[in-house]
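Written below as structure tokens is the structure these notes are about.
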DNA sequence: CATTACCCTACTAAGCCGATAGGTTAAATC
DNA sequence: GATTTAACCTATCGGCTTAGTAGGGTAATG
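Protein chains in written order, with my numbering: chain A, 192 to 341; chain B, 192 to 341.
Structure below.
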């Protein structure tokens, strides 16, 4: 929401933590299932204390968004579709919650302010740009390693 | 809100535009009513196309927050409680919508992440700080004059 | 073919949001 | 002092979103 208002939904928070969990366990090569078993939804749910069925629907969304792959059956589970350093926070947030910035349901660029309020639009656009810059910069490789780029 | 998600509610959007309107009409000296009449809620509502009764409740909130003063009766209305260059965007946003940044209803500093997700908290805190820096920097003097500090 | 774990749709309770209704109180005017 | 004006204040409401659950379908393994 920001903003301009950074308001993170439970859904996004859970999604990010789930991806971190996948990025932490083991490195991924070109989106192939890892040498060991993939990680089950249930295991992630326990590790991060996320309601199991809720997480399931989030992982489904992440798969459709191209962030994770999945396999069914025994020894099934989830793994990252790309190396962790090619998945940014911004990507996961937008897959789950839609566009980063909104003002009354509209993206800042398409607002139609009157008179002196017009300068306001420039502010929202600038804040959004700054926010986007940060969130695109941080990858899940950073998060998994605990090393931030700032 | 962001974020991390810049999500601006209609309420905040209206509040900001109302304060811009007050800041634009005439300068304020030490919170005293202006030489001419104060500006009525109805006039602001028309100028900025805001639902009148909704705006009324917003102005009430702004008065309780110390941003505007009001006077009742004929020739009554609203005016800025301080000079426009001493009212920041951040102040108005927080008066109307509460804390700038929230993650699942909590402010970033009081989150309790487990294991590798702990680094995440640093990200939220950093994003919030950056956002706050911008929004505290922009005052309604800037907005009224159309000159942004960046 | 039985088990496991993902897939998918539908649903629900609760809360928030935008907005309105309608009356109360204070200040100015006549 | 009666009237008018405009702010003050509370309550309410419909609609949407959010967080979370239920329950069955489907693919992979052995």
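Note that beta-carbon positions come from the ideal geometry of N, C-alpha and C, so glycine has one too.
In whole angstroms, what separates the C-alpha of residue i from that of residue j?
i	j	result
residue 393 of chain B	residue 326 of chain B	It is not possible to answer for residue 393 of chain B, since the shown part of chain B is limited to 192 through 341.
residue 232 of chain A	residue 302 of chain B	23 Å
residue 308 of chain A	residue 241 of chain B	13 Å
residue 328 of chain B	residue 281 of chain B	8 Å
residue 298 of chain B	residue 289 of chain B	10 Å
residue 221 of chain B	residue 260 of chain B	Annotation note: pLDDT 47 at residue 221 of chain B (below 50); position unreliable, coordinate value reported separately. Taking the straight line from one Cα to the other gives about 11 Å.
residue 272 of chain B	residue 314 of chain B	36 Å
residue 287 of chain B	residue 317 of chain B	23 Å
residue 275 of chain A	residue 333 of chain A	8 Å
residue 339 of chain B	residue 296 of chain B	31 Å
residue 253 of chain B	residue 205 of chain B	11 Å
residue 336 of chain A	residue 234 of chain B	56 Å
residue 341 of chain A	residue 201 of chain A	25 Å
residue 141 of chain A	residue 321 of chain B	Outside the displayed range of chain A (192 to 341) lies residue 141 of chain A, so it cannot be described from this structure.
Find the residues of chain B that neighbour residue i, judging by a C-beta separation of less than 7 Å, and give them in chain order.
i	result
residue 341 of chain A	317
If the cut is a Cβ gap below 8 Å, which residues of chain A does residue i touch?
i	result
residue 278 of chain B	Near residue 278 of chain B there are no residues of chain A at all, since even the closest Cβ is about 14 Å away, more than 8 Å.
residue 208 of chain B	304, 308, 311
residue 231 of chain B	Ordered by position in chain A, no residue passes the 8 Å Cβ test against residue 231 of chain B, which lies about 18 Å from the chain.
residue 329 of chain B	314
Report the neighbours of residue i on chain B: residues whose CB is nearer than 8 Å to its CB, in chain order.
i	result
residue 337 of chain A	307, 309, 310
Using a cut-off of 9 Å between C-beta atoms, extract the partners of residue i located in chain B.
i	result
residue 239 of chain A	304, 305, 306, 308
Would you call residue i buried or exposed, if buried means 16 or more other Cβ atoms sit within 10 Å of its Cβ?
i	result
residue 248 of chain A	exposed
residue 226 of chain A	The predicted model places residue 226 of chain A with a pLDDT of 49, which falls under 50 and marks its position as unreliable; any figure quoted below should be read in that light. So residue 226 of chain A counts as exposed.
residue 331 of chain A	buried
residue 198 of chain B	buried
residue 305 of chain B	exposed
Excluding the five sequence neighbours on either side, which residues of its own chain have a C-beta within less than 6 Å of the C-beta of residue i, listed in chain order?
i	result
residue 236 of chain B	243, 246
residue 256 of chain A	286
residue 264 of chain A	none
Could you name the residues of the same chain whose beta carbon sits closer than 7 Å to that of residue i, not counting the 5 residues immediately before and after it, in chain order?
i	result
residue 238 of chain B	212
residue 228 of chain B	266, 268
residue 319 of chain B	291, 292, 299
residue 374 of chain B	This structure does not reach residue 374 of chain B, given that chain B is present from 192 up to 341, and the question cannot be answered.
residue 294 of chain B	302, 315
At 7 Å on the CB atoms, spell out the chain A contacts of residue i, in chain order.
i	result
residue 294 of chain B	199, 204
Going along chain A, which residues have a C-beta under 9 Å from residue i?
i	result
residue 334 of chain B	307, 308, 310, 311, 314
residue 211 of chain B	306, 307, 308, 310, 311
What residues in its chain sit with their C-beta under 8 Å from that of residue i, if we drop five residues either side in the sequence?
i	result
residue 230 of chain B	212, 213, 216, 268, 269, 270
residue 203 of chain A	283, 284, 287, 288
residue 258 of chain B	210, 271, 272, 273, 278, 282, 283, 286
Just checking my contact of residue i with residue j at CB under 8 Å: how many whole Å lie between their CB atoms?
i	j	result
residue 251 of chain A	residue 207 of chain B	About 38 Å; that fails the 8 Å criterion.
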